[in-house]
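In what follows, a single structure is set out as structure tokens and then discussed.
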Amino acid sequence: MNVDQAYKEFIEEIQQGNYRNDRTNTGTQSIFGYNMSLDISKHLACITIKKVFIKRVVSELIWFLQGSTDVADLKKLDPNNKIWDGNTSEEFVKDRGCLAGNIGKGYGYQWRRSGGTFDQVAYCLNLLKNNPTSRRIIINAWNPSELDEMALPPCHMMIQFYVEGNKLSGHLYQRSADVFLGVPFNYLSYSILIWLFAALCGYKPDKLIVSYGDAHIYNTHVEAVEKMMKNESTGKYPIMELSSNIKEKISQGVDPIQIIDLLTMDDILISGYESHRYISAPMAV
Numbered sequence: 092m093n094v095d096q097a098y099k100e101f102i103e104e105i106q107q108g109n110y111r112n113d114r115t116n117t118g119t120q121s122i123f124g125y126n127m128s129l130d131i132s133k134h135l136a137c138i139t140i141k142k143v144f145i146k147r148v149v150s151e152l153i154w155f156l157q158g159s160t161d162v163a164d165l166k167k168l169d170p171n172n173k174i175w176d177g178n179t180s181e182e183f184v185k186d187r188g189c190l191a192g193n194i195g196k197g198y199g200y201q202w203r204r205s206g207g208t209f210d211q212v213a214y215c216l217n218l219l220k221n222n223p224t225s226r227r228i229i230i231n232a233w234n235p236s237e238l239d240e241m242a243l244p245p246c247h248m249m250i251q252f253y254v255e256g257n258k259l260s261g262h263l264y265q266r267s268a269d270v271f272l273g274v275p276f277n278y279l280s281y282s283i284l285i286w287l288f289a290a291l292c293g294y295k296p297d298k299l300i301v302s303y304g305d306a307h308i309y310n311t312h313v314e315a316v317e318k319m320m321k322n323e324s325t326g327k328y329p330i331m332e333l334s335s336n337i338k339e340k341i342s343q344g345v346d347p348i349q350i351i352d353l354l355t356m357d358d359i360l361i362s363g364y365e366s367h368r369y370i371s372a373p374m375a376v
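Residues in the sequence shown are numbered consecutively from 92, following my numbering.
This is how it looks when you write it as structure tokens:
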């Protein structure tokens, strides 16, 4: 089953779900507990039934991987990336333990300096290289003791990596999933992450497995979802390559975490993607 089919089936399940109020007071159709497995061995998981802005996904992922929490750094990577503007506005963060324009101790902080010092990305890359059968190859952004110092608690909160032979898979847990706006973004982001870690550590990408807690469609997204569901897959999914500069560093045996810290937007090359047009919908903040 391709990613478009899996995504449509997911939406159809949610459309039969329960009405629930939510933090934003927008209202949702919701289900709890849903699993899917996406084959990313030949291409990235990126839906084609509406356009996903690949540059925004790549820039946010690099931003996380390099440990930044400052939205200004995200905009240096991609000036058009506004996905964190609403959740880091002065009004939004006024009662939270972080400054406007900063996500606080959110994703990048937890990935690279959890508890102030622990680098989870370096830890996982080391295990992938030296102890690939470990059951502890996990990046976890959910730190309960620091949730009140984050602009927004992490929605896609944990990924565990699994090596079988020369193949690398990742199992993502998402506690809260905005299925129209967020989920397509997350599919692509975490499949890029698996492809990147595979290249850095000598593996081939295999599967992205996703487990959801509360998966929901906001009431304000219903019309956009119905429009999107009428589209058929183009079958033109993107593939990823790393720049010759990064490939050379890998061949020279440069420490993967050093390579992570050197990544630019020119180092993750994605091609072959063709989709239907972008379908807009308001973000619930």
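Positions of the beta carbon are idealized from the N, C-alpha and C atoms, including for glycine. Computed from a prediction, not measured in an experiment: that's the story for all the values here.
| Check | Outcome |
| --- | --- |
| Given Gly-344 as reference, the closest of Arg-266, Ala-290, His-307, Arg-368 once Cα atoms are compared | Ala-290 |
| As assigned by DSSP and simplified to three states, the class of Met-319 | helix |
| Selected residue, minimal CA-CA separation from Tyr-98, among Glu-314, Met-248, Cys-137, Leu-218 | Cys-137 |
| Touching by the beta-carbon criterion (3+ pairs, under 8 angstroms), the stretch 108-115 and the stretch 330-342 | no |
| CB of Cys-87 within 9 angstroms of CB of Ile-229, strictly | Lying before the first or after the last residue shown, residue 87 is absent from the chain, which here runs from 92 to 376. |
| Sufficient close CB pairs (3 or more, under 8 angstroms) joining the stretch 178-193 to the stretch 218-228 | no |
| Unbroken stretches of the beta strand (DSSP E), 3 residues or longer, contained in the stretch 241-292 | 247-255, 258-269 |
| Cβ pair Ile-153, Leu-354 closer than 9 angstroms | yes |
| Close beta carbons around Cys-292, own chain, < 6 angstroms, minus the five adjacent residues each side | Leu-219, Lys-220 |
| Alpha helix (DSSP H) segment containing Phe-183, residue limits | 181-184 |
| Helix, strand or coil at Asp-297 according to DSSP, with G and I counted as helix | strand |
| Cβ contact check for the stretch 169-183 and the stretch 303-321: 3 or more pairs under 8 angstroms | no |
| Nearest residue (CA-CA) to Ile-341, options Gly-326, Glu-365, Arg-204, Asp-358 | Asp-358 |
| Segments of 4+ residues assigned as alpha helix (DSSP H) that fall wholly inside the stretch 324-350 | 335-342 |
| Assigned secondary structure, Thr-119 (DSSP; H/G/I helix, E/B strand, else coil) | strand |
| The beta strand (DSSP E) enclosing Leu-360, as first and last residue numbers | 359-362 |
| Per-residue burial, Lys-196 [other beta carbons within 10 Å of its own, 16 or more giving buried] | buried |
| Cβ shell of Asp-95 (< 7 angstroms), same chain only, five flanking positions each side left out | Ile-138, Thr-139, Ile-140, Ser-324 |
| DSSP bridge partner residues for Phe-209 (one or two, in chain order) | Ser-205 |
| Proximity to Gly-199 [Cα-Cα], best of Asn-172, Asp-164, Arg-227 | Asp-164 |
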